[in-house]
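For reference, the structure is listed below as structure tokens.
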């Protein structure tokens, strides 16, 4: 766990995180100020994928879990995936009126 | 017992940096937030029209700006860890100071957002969405404030273990916001 990511890797990761945040914002079609409609499914999928990749970057590089044991990596990735799955399930259930 | 591990003698936690108890706290906090997110997702599924309409009254650009601020603050904390690992204490303190400034900026933007909402008559009791909006973001806000206190503390008591411990908590705060932002502000 001692092998730190190094300045170069940290800066590249930061750039990726910034870019993915902007991708999420563009995908969410924030220009729709008056005509506020549900997002197309591809937009929602883009947002979720960008979020998942950002979470992975923070876990592996900022938190430096890439140097941890596979078990620890697995725990944190599984918990993040579970969270994303719950968010996506709630969104899709509302979108297609699967509950209520 | 492997002596090259950061925390020999801590069993499964021995391979993680900083104080092992911080990782127990991080996992617990992530589980709590996951439960809240699940609750939000469930309520949203029951009344998507109300949630979409309420979401329209938020400012997703401010939320995005806060994401950029917090992630940059996380970068500075990671630089502080790199610096202290190279025994550059002053440089580590400088990075921690920069991270604290950005953390404070995050709080200022959040308070500005809350103020605007309250001025518009939107409170936690307005509806279920705003109950979650205030509840989840304020709970996260409390973690940011606690994280800032930790960063301040390790800027004073600067050691490799202390900086790694505070950094781990701060990155957890980053991670939670990364998940919270699309959930509350973007997905509709």
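Residue numbers (this note's numbering), protein chains in the order written: chain C, 381 to 480; chain P, 221 to 408. The beta carbon of each residue, even a glycine, is placed where N, CA and C say it ideally should be. Source: prediction; values computed, not measured.
Asked, Found
"Straight-line CA distance for residue 232 of chain P to residue 226 of chain P?", "12 Å"
"Does any residue of chain P have a CB that is nearer than 9 Å to the CB of residue 454 of chain C?", "no"
"At a Cβ cut of 8 Å, what residues of the segment 300–320 of chain P count as close to chain C, listed as they run along the chain?", "301, 302, 305"
"For residue 466 of chain C, does the three-state DSSP call read helix, strand or coil?", "helix"
"Residue 258 of chain P CB to nearest chain C CB: under 9 Å?", "yes"
"Using a cut-off of 9 Å between C-beta atoms, extract the partners of residue 347 of chain P located in chain C.", "Within 9 Å Cβ-Cβ: nothing; residue 347 of chain P doesn't reach chain C, min ~15 Å."
"How would you label residue 345 of chain P, buried or exposed, when you count the other beta carbons within 10 angstroms and need 16 or more for buried?", "exposed"
"To the nearest whole angstrom, what separates the beta carbons of residue 410 of chain C and residue 402 of chain P, a pair I think is in contact under 8 Å?", "Between residue 402 of chain P and residue 410 of chain C the Cβ distance is about 12 Å, and since that is not below 8 Å, they are no contact."
"Ignore the nearest five residues each way along the sequence and tell me which others in residue 338 of chain P's own chain have a CB closer than 7 Å to its CB.", "none"
"Would you tell me roughly how many angstroms separate the C-alpha atoms of residue 365 of chain P and residue 396 of chain P, rounded to the nearest one?", "14 Å"
"In whole angstroms, give me the CA-to-CA distance for residue 387 of chain C and residue 386 of chain P.", "19 Å"
"Could I get the ranges of all uninterrupted alpha helix (DSSP H) runs contained in the segment 261–289 of chain P, with 4 residues as the minimum, in chain order?", "268–275"
"I'd like to know whether the C-beta atoms of residue 401 of chain C and residue 399 of chain P end up nearer to each other than 9 Å.", "no"
"Mind reading off the beta-carbon distance from residue 368 of chain P to residue 323 of chain P? Whole number of angstroms is fine, and I expect it under 8 Å.", "5 Å"
"Please say whether residue 352 of chain P and residue 259 of chain P have beta carbons closer to each other than 9 Å?", "yes"
"Would you tell me roughly how many angstroms separate the C-alpha atoms of residue 346 of chain C and residue 245 of chain P, rounded to the nearest one?", "For chain C, the structure presents residues 381 to 480; residue 346 of chain C sits outside this window and is missing."
"Quick check: is the beta carbon of residue 421 of chain C nearer than 9 Å to any beta carbon in chain P?", "no"
"For residue 383 of chain C, go through chain P and note every residue whose CB falls closer than 7 Å to its CB, in chain order.", "Within 7 Å Cβ-Cβ: nothing; residue 383 of chain C doesn't reach chain P, min ~10 Å."
"What's the C-alpha gap between residue 427 of chain C and residue 287 of chain P?", "14 Å"
"If you reduce the DSSP assignment to three classes, tell me which class residue 385 of chain P lands in.", "helix"
"What residue range does the alpha helix (DSSP H) around residue 347 of chain P cover?", "Element bounds for residue 347 of chain P: n/a, residue is neither H nor E."
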